[in-house]
Amino acid sequence: MEQGSYLGTDMRPEHVPTSDEKNLAILSHVLTIIAPVLAPLVIYLIKKDESTYISAHAKESLNFQITMMIIALILVISIIGLLFVWIVGIVALVFVVIASIKASEGKLYKYPFTIRLIK
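In terms of my numbering, the sequence shown opens at residue -13 and continues consecutively.
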């Protein structure tokens, strides 16, 4: 069952993920608060061949963090956009929480408004 909206899209994975897979998928989202690009990249590179569930979450998290960095950079470059950079942080935090919840439920999650550079 797929559910889509402006808050993102979730869907059931092909197999039921184990609790370890869920934990690493959650970490690929939550750790972006500390290390935005590095955390999902490391998890993706380590687990991409072992688990499609973890790989999907890490890729999605990485793509979202890259997109947020691009948006923040564009806002910082423009003088008026500098006033709105904080909104990017709040939006990113909200979507990270939603993605973490979906990962804990054993669902795949696609962030909205994301440039998918890593496929």
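Here a beta-carbon is modelled for each residue, glycine too, at the ideal position from N, C-alpha and C.
One or two residues paired with residue i in a DSSP bridge
| i | result |
| --- | --- |
| K105 | In the DSSP output, where bridge partners are listed per residue, K105 has none listed. |
| G75 | None; G75 has no bridge partner. |
For residue i, three-class secondary structure by DSSP
| i | result |
| --- | --- |
| T38 | helix |
| G67 | helix |
| Y95 | strand |
| T18 | helix |
| E(-12) | Because E(-12) carries a pLDDT of 45, less than 50, the predicted location of this residue cannot be relied on, and the following value inherits that uncertainty. It is coil, neither helix nor strand. |
| V176 | Here the chain covers residues -13 to 105 and nothing more, so residue 176 does not appear. |
| V82 | helix |
| V28 | helix |
| V23 | coil |
For residue j and residue i, believed in contact at Cβ under 8 Å, the rounded distance
| i | j | result |
| --- | --- | --- |
| I104 | K45 | 5 Å |
Beta-carbon proximity list for residue i, same chain, < 6 Å, skipping 5 on both sides
| i | result |
| --- | --- |
| V40 | In the sequence as presented, Val is not what sits at residue 40; that position holds Ile. E7, L10, A11 and K33, listed in sequence order. |
| T100 | N49, F50 and T53 |
Residues near residue i by beta carbon distance below 7 Å, same chain, minus five either side
| i | result |
| --- | --- |
| L27 | L48 |
| M54 | V74 and A78 |
Beta-carbon proximity list for residue i, same chain, < 8 Å, skipping 5 on both sides
| i | result |
| --- | --- |
| V23 | L48, Q51, I52 and M55 |
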